[in-house]
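Some notes on the structure that comes next.
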Amino acid sequence: MIEVKNIKKSFGDKVVIEDVSCVMKAGQCNLIIGSSGSGKTVLQKCMVGLFEPDQGEILYGGQNFTAMKGTEKTEIRKEIGMLFQGSALFDSLNVQENVMFPLNMFTKDSFKKKLERVNEVLARVSLADDVNKKYPSELSGGMKKRVALARAIVLNPKYLFCDEPNSGLDPQTSLVIDRLIQEITKEFNMTTVVNTHDMNSVMEIGNYILYMYKGNKEWEGNNREIIFSKNQRLNDFIFASEFLQDAKDMRMLEETGKIPNHRNMEEMLRKDAPSMGTSSDTPPTN
Ligand SMILES: Nc1ncnc2c1ncn2[C@@H]1O[C@H](COP(=O)(O)OP(=O)(O)OP(=O)(O)O)[C@@H](O)[C@H]1O
Ligand SMILES: [Mg+2]
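This is the structure we're talking about:
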């Protein structure tokens, strides 16, 4: 579990995180959503200690990470895996070297042992042995994310942070990566924090969702509660298109028998339904 308590962060005069508190639970995917510039990456970087918050505390398993210094802080850092926005693989290192990097930094294991672990995590993210010697430029976007995920989990972290793990991927590949993150989270009982704009991710893996709006926590809940939320900013963000508004209203109608807004779904369905009897598929009448 990670507790975020009253975190504030500014750059110069610009307040980027105003006052955010939340609890990221173990064994589940905790999502941070919000439009571009709302502070998702800065909040995640405060959580892992890459940025020092101006105020507030981050607690890992009840221990005050913000107040820690030196080796004590390093011990917690070793338990944190991070998949950066844009994968951030080292271009000049091949896949094997990229994934081995954290092992070289934090362990004194033999090369043989490290290679075994590298191959184990590459297999876990469904990458075959033939990728080991490939360079990032030779990989597809989905493969790069898998390698970045393998590198993030190679030290067997308790806490996994993923910043936009789906950016630049097609919807199906995104879903595969989301499910992989979810499976790994459950399998190793990790506390996972994912920053995303991706609505499929929200619906698929959003056990806990923190919605950020201009550096503030605007809403929190899960992927079921989001359908029924009356928060206008959240609804405008999640259900931005007319199509998604329709989908939300249909779901409300299914679950509650009514739509709590001015839209009349029955009328819309009648109006939008394809007209019958004019299609060339219509069987001839005798
Ligand atoms: N190192 C920095 N120095 C100054 N300002 C920064 C720095 N990092 C981020 N910011 C500012 O903080 C704000 C929030 O940025 P952040 O990267 O957290 O947004 P985000 O929600 O992750 O956006 P996106 O969805 O585009 O990744 C932005 O206005 C950004 O310009
Ligand atoms: Mg970001």
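Each residue of the sequence shown is one higher than the last, beginning at 58 in my numbering.
From the three backbone atoms N, C-alpha and C, an ideal C-beta is built for every residue, glycine too.
Go to M81, then tell me how far its alpha helix (DSSP H) extends in each direction, as first and last residue. Where M81 is concerned, there is no enclosing alpha helix (DSSP H), although the beta strand (DSSP E) around it starts and stops at 71-81.
Output the distance between the C-alpha atoms of C86 and T248, rounded to the nearest integer angstrom. 7 Å
Could you check where the alpha helix (DSSP H) with N87 kicks off and where it finishes? That residue, N87, is in no alpha helix (DSSP H); its beta strand (DSSP E) goes 85-90.
If we count the other Cβ atoms within 10 Å of its Cβ and call it buried at 16 or more, is T242 buried or exposed? buried
Does the beta carbon of V175 fall short of 6 Å from some heavy atom of ligand 1? no
Sequence-distant residues of the same chain with beta carbon closer than 8 Å to M269, five excluded per side: V77, I89, I90, G91, S95, G96, K97, L100, E275
L140 and P222 closer than 7 Å at C-beta: yes
Confirm the yes/no value for this check: CB of K305, any heavy atom of ligand 2, distance under 6 Å. no
Helix, strand or coil, according to DSSP, for L107 in the structure here? The DSSP-derived three-state label of L107 is coil.
Cβ-heavy atom distance, T249 to ligand 2, below 6 Å: no
Using a threshold of 6 Å, is the CB atom of V99 nearer than that to any non-hydrogen atom of ligand 1? yes
Beta-carbon proximity list for I133, same chain, < 6 Å, skipping 5 on both sides: Y117, F122
Taking the alpha-carbon of V259 as reference, which of G272, I238, F245 has the nearest alpha-carbon? I238
Residues bridged to V156 (per DSSP): None; V156 has no bridge partner.
Given a cut-off of 7 Å, decide if V175 and C219 are closer than it, judged by their beta-carbon atoms. No, they are not a contact pair.
Could you have a look at Q142 and say whether DSSP puts it in helix, strand or coil? In the three-state scheme derived from DSSP, where H, G and I count as helix and E and B as strand, Q142 is classed as coil.
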